[in-house]
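Residue numbers (the working numbering): -19 to 21. For glycine and all other residues, C-beta sits at the position ideal for the given N, C-alpha and C. Below is one structure, written out as structure tokens, with a few remarks after it.
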């Protein structure tokens, strides 16, 4: 459940145009995970 929430938050942050690094810090995901999410969205 926690993972799904961070994916939702990440999608919202990507929509706001934040950098991958900032998104990774805010969502506690790794940079690679953020990049992977961007590719799948």
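Secondary structure at residue i, three-state DSSP: helix, strand or coil?
i: residue 9; result: coil
i: residue -14; result: helix
i: residue -4; result: coil
i: residue 21; result: coil
Buried or exposed for residue i, please, with buried defined as at least 16 other CB atoms from any protein chain shown within 10 angstroms of its CB.
i: residue -10; result: buried
i: residue 4; result: buried
i: residue -12; result: exposed
Roughly how many angstroms lie between the CA atoms of residue i and residue j, to the nearest whole one?
i: residue 15; j: residue 0; result: 7 Å
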